[in-house]
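Only one structure is covered here, and it is reproduced in the block below.
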Amino acid sequence: MSFDAFGSKATIVVFGASGDLAKKKTFPALFGLFREGHLSSDVKIIGYARSHLEEEDFKKRISANFKNGTTEQVSAFLSKTSYIAGPYDTDEGYHRLLASIEEYESEHKLTAPERLFYLALPPSVFTTVASQLKKLLYTEKGKVRIIVEKPFGHDLESSRKLQKDLAPLFTEEELYRIDHYLGKEMVKNLLVLRFGNEFFNGTWNKNHIKSIQISFKEAFGTEGRGGYFDSIGIVRDVMQNHLLQVLTLLTMDRPVSFDPEAVRDEKVKILKAFEPIDHDDLILGQYTKSEDGSKPSYLDDDTVPKNSKCVTYAALGLQIHNERWEGVPIVMRAGKALDESKVEVRIQFKPVAKGMFKEIQRNELVIRIQPNEAIYLKINSKVPGISTETSLTDLDLTYSTRYSKDFWIPEAYEALIRDCYLGNHSNFVRDDELDVSWKLFTPLLEFIESDKSPQPELYPYGSKGPKALRQYLQKHDYVFADEGTYQWPLTTPKVKGKI
Ligand SMILES: NC(=O)C1=CN([C@@H]2O[C@H](COP(=O)(O)OP(=O)(O)OC[C@H]3O[C@@H](n4cnc5c(N)ncnc54)[C@H](OP(=O)(O)O)[C@@H]3O)[C@@H](O)[C@H]2O)C=CC1
Ligand SMILES: O=C1O[C@H](COP(=O)(O)O)[C@@H](O)[C@H](O)[C@H]1O
């Protein structure tokens, strides 16, 4: 597929360059692309923010998180990078920025300039900066792309307002809304996995699938970010965006091609088929101190109101009304301060007919997005040797053991910045997609944040989450494998009772 790619000489400006995202993700991703030869050594990179930083301090700050490069690569990258301090809301700094961009463009005799603006900024200044960009840094002669970061609004109304403010300034072609989950390797594999394998393609529906589960677990809490998180909560933080994107890719129909609009059309179509989320079918939780007392509770954070009902854990049931999915229960769950960090999808297939088998377990496809990407399919197989018993084992594609380390798997931000540079919108969020996702989640958020919402169930930091979860999953047709029957990855002869 061909895209309208930027060439080797372009300017990349990172707004909010003094901030956390720029330091931890944006500049390390630009460096990663440069290190791997996916960013031309002729590009110009400028960091822009209000803070007065010496250029050397700025460079030290951003390079602290660079990974795997040689000293020469780091120096070569930093030599392309500069920093300009200036305000967001008045013209003055933008004039200096423009002078710097134009100097580079005229030095290279660029008649059709290419400019990428990355807004690593809080949403409160998105529109101000976007307006200034349009007024002072836009070029009609070349190409302009603008990357914006989540959150794209706080609810349906504020999201629409943001789109309404941005729409007259930049076309949908020029806007790239990042949801970094769309840049993750396993998420990018979902369409290939589903539509490139007939045994999945043919069984990916209500006739064969019994339940779907998407689970996001983080082993750390909101330490230091409590003030920010309190008005966000876990549903808005990762479910309305990251997990919904994963679910959309899992459930949408086959697009006619990998063309970005074909893919995004299908995503919008499936999102419109979701039933409103049932407020009575939820688990809401908030973490308390760890059992040994070493980890703080959510409320211990000084920036959090002492009576906060902020939800740090949620499980919710979803239903899709279409031919493919009618009646298949879907559970989306996410939590902070749990026993491990893991994001995965679990698809359970219907049980086979009884008769031949008195007891046989369900097939389950597990797609582990992180850490350590893996796809494994739990299957029933005869216990090796003289036994006639069946046991649950798996067909296993664990990336670390199957693919050599010579494969460069880009970090999500590396993949997405590269896509934007190439002009590929496939893994960015389109305006109508955003609108439908907020339509689905806003009533739920309003309920959770109203006086009517129940008190979140408390769970200790470092635990598996609220106790009600196991029963909740069972209610949604997720069946746990019989204890001891599934051992991963090595199965020993004593699988189930005496052989
Ligand atoms: N940090 C992360 O890991 C992630 C962040 N995001 C999103 O990316 C964006 C940037 O995040 P992050 O870097 O953490 O944010 P920061 O709070 O670090 O802000 C980035 C920069 O913006 C400027 N800034 C901060 N507050 C204001 C304000 N009220 N008015 C004007 N300028 C301000 C500051 O620069 P200066 O004062 O020097 O101008 C700051 O260095 C946000 O939209 C965030 O939601 C998304 C995913 C992950
Ligand atoms: O957007 C966010 O995502 C991170 C999780 O991202 P991951 O790539 O580390 O899985 C989450 O921790 C953060 O709260 C949220 O704002």
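First residue of the sequence shown? That's 977 in our numbering, and the numbers climb one at a time after it. Each residue gets a CB set at the ideal place from its N, CA and C atoms; glycine is no exception. In this text the structure is predicted, and so the values were computed from the model without any measurement.
Scanning the segment 1086 to 1113 for uninterrupted beta strand (DSSP E) segments of 3 residues or longer gives 1090 to 1095, listed from N- to C-terminal end.
When DSSP assignments are scanned along the segment 1418 to 1461, the uninterrupted stretches of beta strand (DSSP E) that are 3 or more residues long and fall wholly within it turn out to be 1433 to 1436. Shown here, A998 sits in a helix according to DSSP, grouped into three states. Restricting attention to S1027, Y1059, G995, the CA atom closest to the CA of T987 is found in Y1059.
Collapsing the DSSP output to three states places M977 in coil. A straight line joining the alpha-carbon of Y1094 with that of K1020 spans about 13 Å. Under the criterion of beta carbons closer than 8 Å, Q1324 and E1340 qualify as touching, at roughly 5 Å.
Within the model, the alpha-carbon separation for E1150 versus R1121 is close to 5 Å. For L1219, the closest alpha carbon among the candidates G1460, L1294, F1003, Q1108 is that of L1294. Taking every residue with its beta carbon within less than 7 Å of a heavy atom belonging to ligand 1 gives, in chain order, G992, S994, G995, D996, L997, A998, K1000, K1001, A1025, R1026, S1027, Y1064, A1096, L1097, P1098, P1099, S1100, V1101, E1125, K1126, P1127, H1156.
Distances from the alpha-carbon of V990 to those of D1278, E1116, R1026 put R1026 closest. Sorting E1320, G1159, A1088, T1264 by C-alpha distance to the C-alpha of K1193 places E1320 at the top. Take Y1397, set aside five residues on each side of it, and the residues of its chain with a beta-carbon closer than 6 Å to its own are F982, in chain order. Boundaries of the beta strand (DSSP E) around I1154: 1151 to 1154. V1304 counts as buried, since no fewer than 16 other beta carbons sit within 10 angstroms of its beta carbon. When DSSP states are grouped into helix, strand and coil, L1368 belongs to the strand group. In the DSSP assignment, Y1263 forms a beta bridge with Y1435. Distance from the C-beta of Q1108 to the nearest heavy atom of ligand 2 is not below 7 Å. Under the three-state reduction of DSSP output, K1318 falls in the strand class. Apart from the 5 residues on each side of it in sequence, A1106 sits with its Cβ closer than 6 Å to the Cβ of L1142, L1145 in its chain, given in chain order.
Ranking I1393, E1199, L1167, E1267 by CA distance to the CA of K1440 puts E1267 first.
Residue burial annotation: E1365 is exposed, with fewer than 16 other C-beta atoms found within 10 angstroms of its C-beta. Along the segment 1151 to 1211, the alpha helix (DSSP H) occurs as fully enclosed runs of 4 or more residues at 1161 to 1171, 1174 to 1177, 1202 to 1206, listed in sequence order.
Under the DSSP assignment, Y1059 falls in the beta strand (DSSP E) whose first and last residues are 1057 to 1061. Residue environment for D1453: buried (at least 16 other C-beta atoms within 10 angstroms of its C-beta).
Relative to the non-hydrogen atoms of ligand 2, the Cβ of A1388 comes within a distance shorter than 7 Å of at least one. Here E1340 carries a strand assignment [DSSP, helix/strand/coil]. Secondary structure note for K1035: its alpha helix (DSSP H) is the uninterrupted segment 1031 to 1039. For S1357, the uninterrupted beta strand (DSSP E) segment begins and ends at 1350 to 1358.
Each of C1286, S1191, L1258, I1188 was checked against the Cα of R1201, and the nearest Cα belongs to C1286.
With respect to the C-alpha of E1125, the residue from Y1114, K1117, R1153 having the closest C-alpha is R1153. Its chain contains V1163, L1166, L1167 as the residues whose beta carbon lies nearer than 7 Å to that of L1225, once the 5 sequence neighbours on both sides are disregarded; these appear in chain order. A distance below 7 Å between beta-carbons, with the five flanking residues on each side excluded, links E1081 to the following residues of its chain, in chain order: P1089.
Judged by their CB atoms, H1297 and L1420 are not nearer to each other than the 8 Å cut-off. In its chain, beyond the 5 residues on either side, L1112, L1113 have a beta carbon closer than 7 Å to the beta carbon of L1074. For A1310, the enclosing beta strand (DSSP E) covers residues 1306 to 1311.
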